[in-house]
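Numbering (the working numbering), first residue to last: 1 to 860.
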C-alpha cells in the first residue's frame, strides 16, 4: 500500500534538503516544493494521499497564510503547520481563523517537527483510511462494469449498428464517472468524462463505428483498467491523464484497419499480478449467476416434492390406514423445509447493507454543496436495511444523479434562502424502508421545488411535445418530463448536471427491474423523489390460484388476486351492465371491466360471446395500473408453484409471464395480467402512487385508508389497518402446537404465535380450545411489526375496504378497540393490533369466559 505524504514547502532549497532526514520514511513519503504554487497544484491532484502540510511562513510569491487559504478553498482541511522566525498575537488569531494546527518557531529540530505531526496526523490518517476503503469498495463493486464494457466493445466490432450495445456502454461509463467522483476520485471521473464524450458521439450518430474507433475504445478501456488495478493493488489513487485523453480527440473519419496497440508493459505487469483479498481463506467471490443457478435448482426440488406429494395423496386415499404414508408425508415436509431454508440462505447471500450505498452519498453532498457555495444538512435513514444486489446496483447510479440534481437545481444559496424567510442551511434526507414487497427509497429536500411552467417552456423549446399535448397533461405527468432523454433546464454543461442524460438513466434503470419513480414537488416548498423497487423473489416460487378455461389449466399470481366472485344472474349481489358493448361488473360501488380468458387467448373459435344469463366464475385481479375481472370456466385450488421463464421464442408474448408444472407433471401457463390489460385496453393511467406521496405544502388532503374486514365467532363487522397485514392464511387445527399456554403454528420456517382476538378483547364466546376441537381449519390474518409476525384467529375474512372517513375513537369501550370507522355503508369496529401484540402472552386464551372475567374483577 502506498505511504501517505507529508508536503514540505520553503523557498529556500537548503531548508528543504534537511526535512527528509526528520521523518520516518517507512511511514511517510516526503514531497518538497520551493514554489508554493506548484505545491498547491500537486495537493489539488493528490489530496486523498496527503497526511500533513508543513510550510514556511515568509515566501516571496505568497506567504503561509495565503497558501493556507488556498488549501482550505481548493483541497480541504488538511493538517497544516507554519514555520516562522517570529510569532505574534495577531498571527495566533489569524492562525485560529485558518485552522492552523501549530506554529513552529525557528530554529527548530527534528523532535519538534515530529511532535507537531504526531499530535495532528492521527485523525487525518483515519479519514484517509476511510476514504481509501470507500474507494476500494467502489473499485471492487464496479469492476464487473469494466468487464461488461469490454464485451460490449467486441459486440460493436461485430455489429457496429447495435444501438442497444451503445446505450449500455454509455450508461456504464456514466455510472462509473458519477460514482468515482462521489467517492472522492478526480482523475478517474475526468478521464471517464472524456471517454463518455466519444461514446456519446457514437450514440448520437455523429461518429460511425469503424476499426479505428474500436481500437481507441479498447485502448481507452485499458487505461481505465490500469487505474483500477493500481487502486486495487494499494498503489496511487490519482493519475496524470492529460496525455491519455488525447486519443479520444483523434480523427476517426478514416475507416482503415488499424492494428490495436498492445497494452503498456506497466499495465501488463499490474494485471498479471493477482490482487489478494483481505482474507483469502475466509472470503471468495461468487458470481450472482452462480447463485441464481443454485436458486433454480432448489426450485426444482420444490416442484419434485409437490409432484411426489400429490401422488402420495392419491395412494393414501387408495390404501387408507397404512402408517407408511404418515412417514412419507413427514419426510416430504422436512424436504420442503430444507429447500426453503436453502432458498432463504441463498437470498441472504445476494444482499448487502444499504450503508455501503448511502455512505458515499455523504461525500456527494459535501463536494457538490461546496462547489456550489451551498450549506446543506444531509441525513440518512434506513441505511442498515439489507437489499438484493440488483437493487443496490440501481441505487449506486440513481442516487448520485438525484442528489446532485437536488443540490444543483433544488436547494437555494444561503443568501437566497434567508431573503425568502427560510433558514440559511438547506436540508436533504435520504430514506429507505421496506413496504410489503417493495423497497421504498425517498430523497427529500426543502429547496425551491420544481416549477411545472418552466418545464412546459423547456419541453416546447426542445420540441419534445406540442402545446396541445402539454395542455392535456396532469401536473404529475408534466413533472415526469424531467426524465425525458436529453431534457435539461441547466444553462451549461458541468460535472454536476446539464447533459440531460442522468435523469433519463435513473428512470430507465429503475424501470428495468420493474420499479417506479414518482415526484412530489411544490414550488417554494421542496421536492421528494420516491423510488419503488420490487424486492426480487428468492426463487420464483409463488402462490397461485389455479383456473381452467376451455379445458386448459392456467395460473394467476395470488398476490394480484383481489377477489373471487361467483356471479349469479338471479342474485342481488353484483350485477353486470354494458357500456358501449363492454361488460362491467358492478360490485362494491365500483364498475369493474370483464375479460373472457377464452376470448383473450382465442381458445374458442366457435363463439366469442359470453352467456351472462348463467352462473359465471370471475377472478377480480388488481395491481398498479389495472383492475379487472377475468371470466373463467372453473376456479380450482391454490398451489405453490415454481415459475419457469418463457422460451426466448415466446418472450414477446403479452399474455403469459412464465410457465410451471402442476399436478402430476402437467404444464400450466402463468397469466401476465399487465399484458392482458394492455391488450384489452383496460389499463388505468396511474401516473403516481398517491399513497407514497407526502404533501410538502402542508395543505389538507383527503386521505384514504384500507382496512381488512372480518367477523369473529360471536360478533361481526371488525377490521384492522391493512398496512399491518402480511397475508391471509388457512391452517389445519391439527398443526397447532403450544409453548406453555401460548398457541403456535409452524409458518415459513418459523413459529407464528396465534392470538384469539375474541378472548383478547374480552368478548363473550367460545374459547380457542373449543374452536380447535370443533374445526378442521382456522382462518388467520397474519400481521407484522418490525421483524415479528402474529396470527389473528377469526371466524371469517371479508373484503378489503377503502374509506376516507375518520376514526371515532370516542366509541371505544375497552382496551384493544381503537374506535369505529364507517366503511362502504357499514360501521366497523377497528381493532388495535398493537395492543394485541403487546399483550398476547398475558392472558390464558383457553380459560372459560367466566373465569377470565372473574380474574379481571379480582385484579381491579
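Ideal Cβ placement from N, Cα and C applies to all residues, glycine included.
As the structure is a prediction and not an experimental result, all values here were calculated from the model.
| query | result |
| --- | --- |
| Residue 798 CB to nearest heavy atom of the ligand MG below 8 Å | For the structure depicted, the ligand MG is absent and the ligand set is empty, with no information on it obtainable. |
| Residue 759 classed as buried or exposed, judged by whether at least 16 other C-beta atoms fall within 10 angstroms | buried |
| Nearest neighbour of residue 661, chosen from 203, 91, 102, 308 [CA to CA] | 308 |
| Meets three-Cβ-pair contact criterion under 8 Å: the region 816 to 828 and the region 607 to 621 | no |
| Buried or exposed (CB count within 10 angstroms, at least 16 for buried), residue 569 | exposed |
| Proximal residues to residue 180 (C-beta, below 6 Å), its chain only, five neighbours per side dropped | 188, 189 |
| Residue 432, enclosing beta strand (DSSP E) - first and last residue | 426 to 435 |
| Under the three-state DSSP convention, the category residue 66 falls into | helix |
| Backbone secondary structure at residue 533 - three-state DSSP | strand |
| Runs of beta strand (DSSP E) wholly within the region 43 to 128 (minimum 3 residues, chain order) | 50 to 56, 80 to 84, 102 to 105 |
| Extent of the continuous alpha helix (DSSP H) to which residue 355 belongs | 355 to 372 |
| Boundaries of the beta strand (DSSP E) in which residue 518 is found, first to last residue | 516 to 522 |
| Contact the region 582 to 597 vs the region 623 to 637: 3+ CB pairs below 8 Å | yes |
| Where the alpha helix (DSSP H) through residue 391 begins and ends | 389 to 405 |
| Rounded C-alpha distance that separates residue 349 from residue 434 | 18 Å |
| Residue 54 beta carbon less than 9 Å from that of residue 117 | yes |
| Simplified DSSP state of residue 795, which is helix, strand or coil | coil |
| Beta strand (DSSP E) segment containing residue 33, residue limits | 28 to 33 |
| Euclidean distance between Cα positions of residue 376 and residue 515 | 29 Å |
| Residues near residue 862 by beta carbon distance below 7 Å, same chain, minus five either side | Examination of residue 862 is not possible in this model, given that the chain is present from 1 through 860 alone. |
| CB of residue 220 within 9 Å of CB of residue 237, strictly | no |
| At least 3 beta-carbon pairs within less than 8 Å: the region 823 to 839 vs the region 720 to 727 | yes |
| Residue 414 - DSSP class collapsed to helix/strand/coil | helix |
| Residues near residue 841 by beta carbon distance below 7 Å, same chain, minus five either side | 742 |
| As assigned by DSSP and simplified to three states, the class of residue 313 | helix |
| Sub-9 Å separation of residue 67 and residue 40 beta-carbons | yes |
| Distance between residue 522 and residue 369 (C-alpha atoms, nearest Å) | 22 Å |
| Chain B contact for residue 118 (CB, 9 Å cutoff) | Absent from the structure: chain B. Only one protein chain is present. |
| Euclidean distance between Cα positions of residue 5 and residue 416 | 40 Å |
| C-alpha gap between residue 870 and residue 29, whole angstroms | As displayed, the chain neither begins before 1 nor continues past 860, which places residue 870 out of reach and without an answer. |
| Residue environment, residue 775, which counts as buried when at least 16 other CB atoms sit within 10 Å | exposed |
| Per-residue burial, residue 108 [other beta carbons within 10 Å of its own, 16 or more giving buried] | exposed |
| Which of helix, strand or coil DSSP assigns to residue 646 | coil |
| Nonlocal neighbours in the same chain, by C-beta distance under 8 Å from residue 678, ignoring five residues either side | 654 |
| For residue 463, the nearest candidate out of 477, 476, 481 (CA to CA) | 481 |
| Proximity below 9 Å, CB of residue 504 to CB of residue 529 | no |
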